[in-house]
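Right, one structure below, let's go through it.
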Amino acid sequence: MSGRYEAMFERLRARGEGAFGAFVMLGDPDLQASAAILDALVEAGVDMLEVGIPFSDPVADGPTIQAAADRALRLGVTPADCFDLLGAFRTRHRHVPVGILTYANIVLARGRDAFYAAAAQAGVDSVLVADVPVFEAEPYVDTAQRHGVAPVLIAAPNTPAATLERIARLGSGYTYCVARPGVTGTEAEMALDHDALFEGLARHGAPPPVLGFGISTPAHVRSALAAGAAGVISGSAIVKIVANERDPVPALKAFVAAMKQSAAAQPA
Numbered sequence: 001m002s003g004r005y006e007a008m009f010e011r012l013r014a015r016g017e018g019a020f021g022a023f024v025m026l027g028d029p030d031l032q033a034s035a036a037i038l039d040a041l042v043e044a045g046v047d048m049l050e051v052g053i054p055f056s057d058p059v060a061d062g063p064t065i066q067a068a069a070d071r072a073l074r075l076g077v078t079p080a081d082c083f084d085l086l087g088a089f090r091t092r093h094r095h096v097p098v099g100i101l102t103y104a105n106i107v108l109a110r111g112r113d114a115f116y117a118a119a120a121q122a123g124v125d126s127v128l129v130a131d132v133p134v135f136e137a138e139p140y141v142d143t144a145q146r147h148g149v150a151p152v153l154i155a156a157p158n159t160p161a162a163t164l165e166r167i168a169r170l171g172s173g174y175t176y177c178v179a180r181p182g183v184t185g186t187e188a189e190m191a192l193d194h195d196a197l198f199e200g201l202a203r204h205g206a207p208p209p210v211l212g213f214g215i216s217t218p219a220h221v222r223s224a225l226a227a228g229a230a231g232v233i234s235g236s237a238i239v240k241i242v243a244n245e246r247d248p249v250p251a252l253k254a255f256v257a258a259m260k261q262s263a264a265a266q267p268a
């Protein structure tokens, strides 16, 4: 594994900060702009990046991210384009952890081994395959580990205790914890009844919990960290800025600065 996640969490723990991660769909609004957006997010202070590869059936994503994937697909953006984009990003930013959130069809279309080899070659730190249940994840975990890529797994407040043990044993990098049922998006409020989940993950030695789904305001960041998350990922709010602004960079930098300030305001 690259060790970038471990270094990031250690650095933030020493500062008493939580991690702020940003999600964007690669190729939205186009590949050139996407590269500039990734650079802007790093310059604005994100601690980690999560990126999507455009896919026609992103079942874990709400309408905002589905629309971003559709825009990129209509431009003809391919997984190979995304790996090229990430490889170029890694030459400019050596220390920022980058994870791919994707779906099994994307992985299997290239071939599991070839997909993780390409991810490693591009400098990707982790891959989360959103539609693979944890009890079917071992082939993906084994292949990821063989290529030095961290397999990130998903946990939720209603995940059974026995499954948390499996997530802790198989996952690495961080544990993606969903803030509420359903799909990504800012349309529904998150629910923070995560005490038992965070305690269960910690008891089994799971990677640090990072909360996603519905994180769109500084108040959400403060609440998530106060509840015990080691960090948060904001996706749909960022994708909306990309979709709605002619030049999204100034608005993205302002949004990230406000969210990161909240992540730094209290210990995770």
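Residue numbers for the sequence shown follow this note's numbering, beginning at 1 and rising by one. Note that beta-carbon positions come from the ideal geometry of N, C-alpha and C, so glycine has one too. Predicted, not measured: the structure shown is a model, and the values here were computed from it.
Name, in chain order, the residues that DSSP records as bridge partners for residue 176. In the sequence shown, the residue the question calls residue 176 occupies position 176. Residue 176 pairs with 154 and 210.
Given residue 45, which residues of its chain have a CB within under 8 Å of its CB, disregarding the five upstream and five downstream residues? Here the question's residue 45 lines up with position 45 in the sequence shown. For residue 45, where only same-chain residues beyond five positions count, the Cβ hits under 8 Å are 20, 256, 257 and 260.
Beta-carbon proximity of residue 12 to residue 51, cut-off 8 Å: In the sequence shown, the residue the question calls residue 12 occupies position 12. In the sequence shown, the residue the question calls residue 51 occupies position 51. Cβ atoms of residue 12 and residue 51: not closer than 8 Å.
Would residue 262 be called buried (16 or more neighbouring beta carbons within 10 Å of its own) or exposed? The residue you call residue 262 lines up with position 262 of the sequence shown. Residue 262 should be labelled buried.
If you follow the beta strand (DSSP E) that residue 99 is part of, which residue opens it and which one closes it? Translated into the one-based positions of the sequence shown, residue 99 becomes position 99. Note, residue 99: beta strand (DSSP E), 98 to 102.
Only counting runs of 3 or more residues, tell me where the beta strand (DSSP E) segments fall wholly within the segment 62 to 122, in order along the chain. 98 to 102
Over what stretch of residues does the beta strand (DSSP E) that includes residue 1 continue unbroken? Within the sequence shown, numbered from 1, the residue matching residue 1 stands at position 1. Here residue 1 belongs to no beta strand (DSSP E), and DSSP marks it neither H nor E.
Inspect the beta-carbon positions of residue 28 and residue 242 and report whether they are closer than 8 Å. Within the sequence shown, the letter at position 28 stands for residue 28. Within the sequence shown, the letter at position 242 stands for residue 242. Against a cut-off of 8 Å, the Cβ pair of residue 242 and residue 28 comes out as a contact.
Does residue 254 pass the burial test, meaning 16 or more other C-beta atoms within 10 Å, or should it be called exposed? Numbered from 1 along the sequence shown, position 254 holds the residue referred to as residue 254. Exposed, because fewer than 16 other Cβ atoms sit within 10 Å of the Cβ of residue 254.
For residue 18, is the classification buried or exposed, using 16 other Cβ atoms within 10 angstroms of its Cβ as the cut-off for buried? Locating residue 18 in the sequence shown gives position 18, where the first residue counts as 1. With 16 or more other Cβ atoms within 10 Å, it is buried.
Would you be able to state if there are at least three C-beta pairs under 8 Å between the segment 111 to 129 and the segment 156 to 169? no
DSSP three-state assignment for residue 19, whether helix, strand or coil: Position 19 of the sequence shown, counted from the first residue, corresponds to residue 19. Of the three classes helix, strand and coil, the one that applies to residue 19 here is strand, per DSSP.
Based on the DSSP secondary-structure assignment, which residues constitute the bridge partners of residue 48? Taking the sequence shown and counting its residues from 1, the one referred to as residue 48 is at position 48. Answer is 21, bridged to residue 48.
Integer-rounded CB distance, given that residue 116 should sit under 8 Å from residue 143: Sequence index remark: in the sequence shown, residue 143 carries index 143 (1-based). Sequence index remark: in the sequence shown, residue 116 carries index 116 (1-based). Their Cβ separation, rounded to whole angstroms, is 5 Å, which keeps residue 143 and residue 116 in contact under 8 Å.
Nearest-angstrom Cα distance between residue 15 and residue 76? Within the sequence shown, the letter at position 15 stands for residue 15. Within the sequence shown, the letter at position 76 stands for residue 76. Taking the straight line joining both Cα atoms gives about 43 Å.
Less than 8 Å between the beta carbons of residue 87 and residue 122, yes or no? As a working note, residue 87 is residue 87 in the sequence shown. As a working note, residue 122 is residue 122 in the sequence shown. Yes, the Cβ-Cβ distance between residue 87 and residue 122 is below 8 Å.
Under the three-state DSSP convention, the category residue 234 falls into: Within the sequence shown, residue 234 is the residue found at index 234, counting from 1. Looking at residue 234 - three-state DSSP - the assignment turns out to be strand.
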